Amino acid sequence: MTPERPIQLIDWAFRLLIVAMTALWLIFPPERIL
């Protein structure tokens, strides 16, 4: 696995972060997190 551009790797990491945050937001109510 040799990414041609580091930006692509950052993009995938950002997408995974968004998915993880969305999953946590759906599982736990926002009031409990905040």
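Reading the sequence shown from the start, the letters are residues 819 to 852 in the working numbering. Backbone N, C-alpha and C fix where the C-beta goes; we use that ideal spot for every residue, glycine too. Since the structure is predicted, the reported quantities are computational estimates derived from the model, not experimental observations.
Residue interval of the alpha helix (DSSP H) (run including residue i)
| i | result |
| --- | --- |
| Arg833 | 824 to 845 |
7 Å CB neighbourhood of residue i in its chain, flanking five on each side removed
| i | result |
| --- | --- |
| Phe846 | none |
Cβ-based neighbour list, residue i, same chain, cut-off 8 Å, excluding 5 preceding and 5 following
| i | result |
| --- | --- |
| Ile836 | none |
Beta-carbon proximity list for residue i, same chain, < 6 Å, skipping 5 on both sides
| i | result |
| --- | --- |
| Trp830 | none |
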